[in-house]
Structure formats: structure tokens, C-alpha cells
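Numbering (our numbering), first residue to last: 82 to 278.
Below is the structure:
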């Protein structure tokens, strides 16, 4: 009886996870975040932007002050137990990052505009698509995505799965772009306070 309950619970959970994985891909959101920072120079803005991204656990891939570009490497979405992370904005993004493997990369473009610095922020989101193995019965569900055994779970992909592995573009994350710009503005304001005699 106890084993029957476990199998029923496992079947139910497996069905829920599979149903969530079959959700349709949302339409890309073309909105871009931007902000103008008054009385700032390019060096301060670049430094503040890099610091804000680093504090959010993004790794800077390229920072070019001459072109005014900062790009990050893709960052895998935070899980529910990573309470110190801030790359999921809102409960919907947190849920999606826990159901799927997501990654986000950021691109900031800084342009001087008189005595202001204009900053555009784009956050690109991608989701991992991992082809499933064919499973003959529910008792082999542990083999759906890897070469796992009933007692040891590991992620070892079959060669056919590696070939079908792909990152699906989900478009832009305007909410995270706004959060990043807000953090840059806050850091700039903090620097100004420190420099004020």
C-alpha cells in the first residue's frame, strides 16, 4: 500500500512537471528600458553600471568605455532557495526559473548626451530545450532526461540528446532591465554623496 502511494505521488508530480514543460513560448516583449543620468561622466557611469551588475551576480564579458558598451555572460536564473539573488523580478519569473532552465544576459549601452549620460538596457532571456528519451513505462520515468538509475540521479545525456540540445530565445525581460537601471541610478547617487564634502 505504501509503495502504491509513492508511485501515485511520483506519477502525479511527473505529470505536473511535464505539463508545465509543454507550455507555449511567450511572445517577445520589444520594450527597452532606458534612463538619463544628469551631471554624470562616462567613467562614473561605466563604473556604477559594472558594480551594479556584479552585485547582481552577472559576470562582465565585455566593458568598452570607448564604445560605451557593457555585456555580461549568460546567468542561469535563480532558484527559490537562492534568496540572495535578484535576477527574478516577481513571482511569475521566479516560478518560471524554477520550472525551466533559464539564462539571462544583459547589454548596456551608455551614450553621453550633453551633461547627461543616456543608458539603454536590454536583458535577453533563453530557455534550455532538452529532448527527452523514450520511456516505455512510468517505472522508467527517472530515465526521461538522463542515464539515471532508480537509486542514483545524474545528468548524463545520450549523444542524440546532445545534438538536440538548444537554447530557445524568449525575448526581452523589461522588468529586470528596469531593476538593473534602478540599481545603476542608486549607485550613481551613492557615489555623488560620497564625493560631496
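Beta carbons: idealized from backbone N, C-alpha and C, even for Gly.
Between residue 119 and residue 131, the CB-CB gap reaches or exceeds 8 Å. Counting only residues of its own chain and dropping the five nearest sequence neighbours on each side, residue 183 has a CB closer than 8 Å to the CB of 157, 158, 177, 206, 207, 208, 209 and 251. Residue burial annotation: residue 168 is buried, with at least 16 other C-beta atoms found within 10 angstroms of its C-beta.
The criterion of a C-beta distance shorter than 8 Å is not satisfied by residue 188 and residue 117. Rounded to whole angstroms, the separation of the alpha carbons of residue 140 and residue 194 is 27 Å. In chain order, 202 place their CB closer than 6 Å to the CB of residue 261, counting only its own chain and leaving out the 5 sequence neighbours on each side. Here residue 195 carries a coil assignment [DSSP, helix/strand/coil]. DSSP places residue 208 in the strand class (E or B) of the three-state scheme. Look at residue 259 here: in three-state DSSP terms it is helix.
The beta carbon of residue 146 sits closer than 8 Å to those of 123, 124 and 127, all from its chain and outside the five residues before and after it, given in chain order.
Residue 115 sits in a strand when the DSSP states are folded into three classes. By a beta-carbon distance limit of 8 Å, residue 163 does not contact residue 154. Their separation comes to about 18 Å.
For residue 124, the uninterrupted alpha helix (DSSP H) segment begins and ends at 123-136.
By the Cβ-count criterion, residue 191 is buried, with 16 or more other Cβ atoms from all chains shown falling within 10 Å of its own Cβ.
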